[in-house]
Structure formats: structure tokens, C-alpha cells
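See structure below.
2 protein chains.
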Amino acid sequence: MKVLVIGGDGYCGWATALYLSKRGYEVGILDSFVRRHWDLELCVETLTPIAPIQQRLQRWHDLTGKTIDLFVGDITNYAFLDKVLHQFEPGAIVHFGEQRSAPFSMIDREHAVLTQVNNVVGTLNLLYAMKESFPDCHLVKLGTMGEYGTPNIDIEEGYITIEHNGRKDTLPYPKQPGSMYHLSKVHDSHNIHFACKIWGLRATDLNQGVVYGVLTDETGMDELLINRLDYDGVFGTALNRFCIQAAVGHPLTVYGKGGQTRGFLDIRDTVRCVELAIATPANPGEFRVFNQFTELFSVGDLADMVAKAGSAIGLKVEVQHTENPRIEREEHYFNAKNTNLLDLGLQPHYLSSSLLDSLLNFATKYKDRVDESQILPKVKWRR
Amino acid sequence: MKVLVIGGDGYCGWATALYLSKRGYEVGILDSFVRRHWDLELCVETLTPIAPIQQRLQRWHDLTGKTIDLFVGDITNYAFLDKVLHQFEPGAIVHFGEQRSAPFSMIDREHAVLTQVNNVVGTLNLLYAMKESFPDCHLVKLGTMGEYGTPNIDIEEGYITIEHNGRKDTLPYPKQPGSMYHLSKVHDSHNIHFACKIWGLRATDLNQGVVYGVLTDETGMDELLINRLDYDGVFGTALNRFCIQAAVGHPLTVYGKGGQTRGFLDIRDTVRCVELAIATPANPGEFRVFNQFTELFSVGDLADMVAKAGSAIGLKVEVQHTENPRIEREEHYFNAKNTNLLDLGLQPHYLSSSLLDSLLNFATKYKDRVDESQILPKVKWRR
């Protein structure tokens with residue numbers, strides 16, 4: 001089966017492309033490299049030195065004999081996208097190709113508009129291209145657990161059955177996204193749902209939690225295949241960021257009270273979840289939603305775990321509660337379901353001290369590359 | 001109080017601008033005339049001959065002594081929008097300035113992207129401009145009842161209290177929009193809700209039903225003030241369209257079974273609802289939602305009423321069930337709440353035989369301007 005990975009040069013996309021290639025899928029990567037461009041714009045860099053994608057793909061071929069096709073361009077350019085689809089003829093499309101940072105989207109008006117237009121138009125283009133020529137292709141779209149916000153009731157997977165005034169219906173789960181970026185994902189979800197309904201397309205929305213870790217079996221095969229690892233205030237996410245902070249002796253920056261609870265997963269589960277979604281596609285007309293995480297943690301708990309793991313290997317680690325740049329509940333109920341992927345056979349890599357050790361070692365290995373001026377958050381939600 | 005009416009050259013916007021001006025508000029109109037441009041693109045025209053806005057405003061001044069400021073430009077141009085706001089300094093902004101036709105948005109990919117980008121970016125620009133310089137200004141935004149779709153439970157006003165697994169929360173009402181246009185309004189609602197939450201802006205989302213009628217006290221004062229009346233397959237809406245079909249001897253085109261039930265209101269109530277929203281603004285940080293309609297009708301019922309009214313004045317009227325170009329439920333439960341505006345004092349103009357007579361007379365007066373080739377729907381939802 002042919003799988004096109006849009007955004008295959010990014011953190012999740014790269015790991016996914018290699019994993020699927022290794023598993024026997026015929027993989028193509030479509031990427032515009034705009035993520036690398038944004039690094040330049042913000043003057044930030046992945047902790048790990050990542051090679052140009054052409055070199056990455058060459059090395060992958062040399063090591064495994066497997067070829068991954070590369071299509072360089074932007075899916076907001078419909079003519080380009082349509083041409084690629086006709087050339088590659090995918091059976092499934094994995095869509096990571098969006099601006100994925102909440103702080104980036106909150107920098108200013110321009111970045112908010114860029115994020116929403118880029119993400120919404122790219123996905124609309126994809127839906128129209130599929131409708132026109134590949135209506136049976138399965139769209140596997142990366143959403144985010146952040147679409148749900150932090151409601152005071154259990155979070156179901158995409159839909160909720162509501163009884164109201166003696167009647168009953170199963171409706172899309174209400175969304176309370178917390179940034180211009182998260183909003184763009186909510187817009188996407190509504191658009192994709194509609195396209196499935198009227199055109200009979202098949203789609204799976206993977207509402208992913210916060211991904212941690214850097215190694216997968218494939219990206220660990222060679223230094224040239226190494227994955228990116230972001231620690232800066234814009235693209236860095238909790239846990240990965242904490243480990244790097246610990247490695248360089250920077251206090252772990254917990255925003256506010258630290259009671260913010262989120263879904264998390266190991267990047268080795270990200271790639272497996274995508275494969276599970278591909279292997280059992282949604283039905284024609286179905287907009288299927290999976291909550292893609294394996295465990296719930298509060299940010300404060302994570303920091304404590306990293307502090308403990310760091311101390312065990314001799315690092316001095318301090319946890320610092322800093323002013324929260326975001327506007328979000330810092331103490332709240334959070335209970336989200338994630339049974340759909342488990343039912344398909346996902347066997348989670350739960351967060352362990354060995355994973356933390358590995359991440360801390362990675363961070364220590366590359367700590368000379370850290371720019372400490374980029375660690376603290378500069379983008380604020382408040383006006 | 002100064003009120004800026006964005007989209008004040010359109011059907012609802014024009015009637016609203018004059019009504020508010022008459023009621024003593026200091027009114028400015030911001031409009032790009034892109035609606036007139038789309039008429040040209042599609043080669044359709046309002047049944048009633050509308051004058052250029054400059055002439056309209058001059059006549060309004062001549063008749064009433066009141067001046068309405070005019071700002072010609074597009075709110076997707078942030079620099080222009082920001083300049084206008086600083087010049088006019090509105091206390092409230094009424095935002096009608098969006099692409100508002102479902103069939104237009106469904107013509108093809110380009111029109112879908114145009115609709116979503118135009119509507120979402122225009123509204124984002126407005127939110128950022130308010131945040132930067134007018135955080136206390138009240139945004140009165142036109143949404144649509146079509147955001148809700150046709151759930152099998154009662155439709156509340158914007159929010160619903162859900163009990164689930166023994167817990168309870170009040171969440172945004174789930175949305176099931178039925179076109180790329182309706183989706184754009186759902187995107188707007190989420191964006192505005194977020195802006196209120198994080199920046200403390202105040203906004204009222206008017207989820208308006210299908211508007212009918214052409215006369216208001218103000219637009220009826222003079223031929224030069226006449227409002228637009230659309231009957232074509234793209235911009236024409238039920239009831240107005242039926243009356244014009246009746247006038248020219250065209251069968252009333254009911255799409256499918258005709259059991260599609262929607263909220264409706266007289267344009268004289270539209271203008272009053274907007275004033276009620278302005279007069280009692282939302283609180284800082286509040287995203288307030290009003291369902292703006294006065295009665296529920298099925299499309300089939302409306303056609304029967306027009307047929308009856310037409311026959312009474314000697315027209316031969318046939319009701320024809322045509323293939324439904326849309327994908328929507330044609331028989332369904334529909335019960336929407338609309339008490340918020342009634343509680344503020346709205347006294348509805350319910351649909352009456354005299355209103356139908358007036359509309360039929362209007363249609364008859366201008367029937368020589370009808371282009372019958374534009375009546376049937378050409379845009380289809382199905383792929």
C-alpha cells in the first residue's frame with residue numbers, strides 16, 4: 001500500500017515515514033520545509049542536528065534498500081498537490097503538514113492568520129483533491145487533544161451522546177481550543193467531517209496528545225537519520241523540554257501551578273498509532289476520531305519525574321513555577337478516553353525511568369547546542 | 001453611540017444601517033462592494049434595482065438630515081481596517097461583512113477557500129484590531145442558525161448543559177454545519193469565543209435564521225433607498241425566492257421532500273434584534289449567543305403559504321418538488337430556542353398574509369427584471 005506522509009520532514013512525520021517504510025509500506029514524503037524556515041525566522045534550532053531530507057533519504061536507502069519518494073512543495077498550492085497525488089497515487093494520506101505550535105500562532109495577528117489559513121486551506125485542498133480523483137483514499141489527519149480543552153466532564157473520542165429534554169442524539173464533542181493553533185485544528189475537524197458526510201470520503205482524525213521521546217527503532221539507526229528535538233519556548237513541548245532543561249542545568253519551567261493535565265504518548269506509539277489507523281481504514285463517509293495518547297499527566301508531575309530521574313544520574317535539577325504565558329485552567333478535572341486505538345491493538349510504551357534516562361542522555365550529549373536565551377517563553381496569550 | 005456596520009451595502013446591512021441612523025445612532029458603513037462584484041461574476045442581479053451606495057447615502061441625508069460615513073475597503077486588509085477604526089472610533093461594530101451564500105461556497109474549491117479565508121480572516125482581523133485599540137467595543141457578529149444543523153435534540157442558544165457519567169458542564173453547543181459557508185461561521189464562532197476568553201473582549205453572536213421581506217420603514221422611504229431582493233439559485237433564499245417565482249409564473253421550487261425546517265424572521269426584526277444587542281451589550285469577556293429568528297417553518301409549508309397567497313391575488317402558483325441540490329435531512333426533528341432576544345423586548349413581526357401580499361406585489365412590480373435562467377439551482381453538494 002502506498003502512503004503519502006505530508007509533513008514528513010517534521011518530528012512526527014519523519015519518524016512515521018521511516019516506520020511505515022520499514023514495515024513494508026511504499027512511502028512518499030511531501031514537505032515544503034517551512035518548519036525549518038520558521039526555525040530560521042525565530043532563530044531557534046532543534047537540539048539534535050538534523051540532516052537535509054535528501055541526505056536523510058539517501059542514507060535510509062543505503063541502510064535498508066528502501067526508497068522513499070520526495071515531493072517538495074506546499075499543499076496550499078492546489079496545482080502542486082494535485083500533481084503529486086496523480087503521480088504517487090496514494091492509498092492513504094497521513095497529514096502532519098500543518099503549523100503545529102500554539103505559541104507560534106499566538107505571536108501576533110500575522111502568525112495567527114498564517115496558522116489558520118495555512119492549516120485550513122491545506123486541508124481543504126486535500127479534501128477537494130481527494131474528492132476529485134481519489135475518493136477512496138483514506139485520510140489520516142493529525143488533530144490534537146487540545147481541541148477539547150478542559151471540560152468538567154469526561155472527554156469521549158470525537159462524539160458524545162447527549163440526552164436533553166427527553167430526547168437523545170450523538171453529536172460532535174464540544175470543542176474549547178486554547179490557542180489560534182488549536183482553533184485551526186477544530187476548524188479542520190469540522191471541515192473534514194463535512195467532506196466525509198457529503199462526498200463519502202473516509203477519514204481518521206487522530207487527536208494526539210503531547211508527544212515525547214526522540215528515538216524510534218528507525219531514526220536511531222544512524223546519526224544522519226536522527227529526529228528533531230525542540231526545547232525552545234515556541235516549538236518545545238513539556239517533557240522533552242524539561243529533559244533538556246535538566247541537562248543544561250536550567251530550572252524546569254512549569255507554567256503557573258502546574259496542575260494542567262494533558263494526554264501524553266511516546267513517539268514510538270505515535271508511529272504505531274498511525275499504522276493502526278492505516279491498516280484498518282475508516283469506512284466510506286465515516287469521520288472517525290481516535291484520541292491518541294497513552295497516559296495522563298499533570299505538567300507539575302512530569303517536572304517532578306524528570307527532576308527525580310535527573311538527580312539519579314547526578315544532575316542538579318530545580319523545578320521552577322514561572323508565570324503562565326498562556327490562559328488556561330491550572331487546576332481542573334481531566335479524564336479523556338483513549339480506547340479506540342487500544343482496541344485496534346496498540347501496546348503502549350508507558351513513560352518509564354529508562355525512557356527518561358535515554359532522553360536525559362540525549363540532551364546531555366547535545367547540550368552544547370542549547371541556546372539558553374530561547375528556553376523561556378516569550379509569547380503571551382494576554383493582551 | 002457610534003456604530004460601524006461592516007457590510008452595510010448588503011441586504012441586512014443596509015436595512016440595519018438606516019434603521020440605526022434613524023434611531024439616533026451615529027452610523028458608519030464599511031463595505032468593499034464585493035457582493036455586487038459577485039453578482040457580476042455570476043451574472044445575477046437583485047430583483048429590485050439598487051442604487052450605488054454613495055447615491056443611497058446622499059438621498060438618506062437629503063431626506064433625514066442624517067449623515068452616514070462611508071469607508072470603502074476590505075477588512076481582510078488589516079491596515080485599512082485599523083485605520084477606519086481609529087478614524088471612526090466605534091462603540092459597537094455590527095459585522096455583516098462576510099460571504100453569506102451556502103451555494104456560492106459550494107461552487108468549487110476556489111469558492112470554498114475564498115469563503116472560508118475571507119470570512120475567517122476578516123473576523124480575525126477585527127478581533128485583533130479590537131484587542132489592540134478598542135477592547136471595550138462591542139462586537140455584534142452575524143452568525144447563522146445553520147451552524148447547528150439539525151440535531152435530534154432541542155437547540156439551545158450557543159451553549160448546552162451536559163450531564164455525563166455523573167458530572168456536569170455547560171459547553172458550546174455542538175455544531176453540524178451543512179456547507180462550506182456554514183462551516184466558516186462555525187470557525188468564526190470558535191475564534192470569537194476564544195478572543196473574548198483571553199482578551200476580555202465582548203461579543204454577541206447572532207445566529208440568524210432565514211430573513212424574508214424587503215421593506216423596512218427606512219428603505220421604503222424612497223426608490224433610491226430600496227433594498228436588494230435576491231431570487232437566483234445562489235443568493236436567493238426561501239420565501240423571498242418563492243414570492244418572486246410566484247410573480248413570474250415559475251413553479252415554486254421546493255428542494256426534495258420539503259420537510260427541511262428552519263428558523264425564519266422578517267427583515268424588520270433583523271434590524272430590531274441588532275439594535276437590542278447593541279443597546280444591552282455583552283459583558284467584558286462574554287461571548288453571548290442569541291438565536292435570531294421568530295418562527296419555525298418547513299420549506300414545504302412556506303411554499304404552500306405562498307401558493308395560497310398568490311392564488312388569492314389571482315396568480316397561478318404551482319409547487320414543484322425538485323431534486324435537492326444540497327445534502328441535508330429532508331424530514332427531521334427541529335426545535336430551537338429563541339428566548340434571549342424576546343427577553344430583551346423583541347416584538348416579532350410574524351409571517352402574515354399581508355407580508356406575503358406586500359412581497360408578491362413587490363415581485364410583480366419588478367418581474368420584468370427577472371432572468372428565469374437563474375432561478376433553478378445549479379450548484380450541487382454531491383461529488
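Chains as they are written, first to last, in UniProt numbering: chain U, 1 to 383; chain F, 1 to 383.
Quick reminder that beta carbons are idealized off the backbone N, C-alpha and C, glycines included.
Just so we're clear, the structure is a prediction, and the values are computed from it rather than from any experiment.
Status (buried if at least 16 other CB within 10 Å, exposed otherwise) for T161 of chain F: exposed
Stretch pair the segment 41-49 of chain F + the segment 191-203 of chain F: three plus CB contacts closer than 8 Å: no
Would you kindly check if the distance between the Cβ of D188 of chain F and the Cβ of N119 of chain F is under 8 Å? yes
Assign H37 of chain U to one of two classes, buried (16 or more other C-beta atoms within 10 Å of its C-beta) or exposed (fewer than that). exposed
Whole-angstrom distance between V254 of chain F and M305 of chain F, CA atom to CA atom: 13 Å
Where does K380 of chain U fall in DSSP's three states? coil
Does DSSP put Q99 of chain F in a helix, in a strand, or in coil? coil
From F:V299, F:F334, F:D9, residue whose alpha carbon lies closest to that of Q55 of chain F: F:D9
Would you report the Cα separation of A279 of chain F and A247 of chain F, rounded to the nearest angstrom? 39 Å
Beta-carbon within less than 7 Å of N283 of chain U's beta-carbon, same chain only, minus the 5 sequence neighbours each way: which residues are those? R202
Within 8 Å, do at least three Cβ pairs link the segment 178-196 of chain U to the segment 109-125 of chain U? yes
Could you list which residues in chain U have their beta carbon closer than 7 Å to that of I313 of chain F, in chain order? Here the premise fails: no neighbours, minimum Cβ distance about 39 Å.
By a C-beta neighbour count over all protein chains shown, 10 Å radius and 16 as the cutoff for buried, is P135 of chain U buried or exposed? exposed
Leaving out five residues on either side along the sequence, give the residues of the same chain with a beta carbon under 6 Å from the beta carbon of L359 of chain F. C243
Cut-off 7 Å between Cβ atoms - residues of its own chain near F334 of chain F, not counting five sequence neighbours on either side: T150, T261, L296
To the nearest angstrom, how far is the alpha carbon of D69 of chain F from that of L252 of chain F? 40 Å
With DSSP run on the structure shown, which of helix, strand or coil describes R59 of chain U? helix
Mind checking if H187 of chain F is an interface residue toward chain U, Cβ cutoff 8 Å exclusive? yes
Mind the definition here: the segment 304-319 of chain F touches the segment 127-145 of chain F only if three or more C-beta pairs lie below 8 Å; say whether that holds. no
Against L81 of chain F, what residues of chain U qualify as contacts under a CB-to-CB distance less than 8 Å, listed in chain order? Per Cβ cutoff of 8 Å: no residues; L81 of chain F is ~11 Å from chain U at best.
With a cut-off of 8 Å, does the C-beta of K337 of chain U fall near any C-beta of chain F? no
Using a cut-off of 8 Å between C-beta atoms, extract the partners of P177 of chain F located in chain U. H190, F194
For the candidate residues F:H138, F:A277, F:I198, F:L30, whose alpha-carbon lies nearest to that of Q208 of chain F? F:A277
Identity of the residues DSSP links to G28 of chain U by a beta bridge: U:L4, U:D69
Count Cβ pairs between the segment 14-21 of chain U and the segment 58-74 of chain U that sit closer than 8 Å; are there 3 or more? yes
Would A15 of chain F and I29 of chain F qualify as a contact pair, given that the criterion is a beta-carbon distance under 8 Å? no
In chain order, each beta strand (DSSP E) run of at least 3 residues that lies wholly inside the segment 314-382 of chain F: 319-322
Enumerated in chain order, which unbroken segments of the alpha helix (DSSP H) with a length of 4 residues or greater are wholly contained in the segment 221-295 of chain F? 240-248, 267-279
8 Å contact criterion, which T123 of chain F and I226 of chain F should meet: CB distance rounded: Rounded, the Cβ-Cβ distance is 29 Å, inconsistent with contact.
DSSP beta-bridge partners for D205 of chain F? F:K141, F:V289
With 8 Å set as the bound, which would you pick, yes or no: does the beta-carbon of A112 of chain F sit closer than that to a beta-carbon of chain U? yes
Name the residues in the segment 92-116 of chain F whose C-beta lies less than 7 Å from a C-beta of chain U; which are they? R109, A112, V113, Q116
Between which two residues does the beta strand (DSSP E) containing L171 of chain F stretch? 167-172
Cα-Cα separation, K168 of chain F to N152 of chain U: 6 Å
Can you pull the chain F neighbours of W199 of chain U, defined as C-beta to C-beta under 7 Å? R383
Sequence-distant residues of the same chain with beta carbon closer than 7 Å to T76 of chain U, five excluded per side: N118, V121, G122, N125
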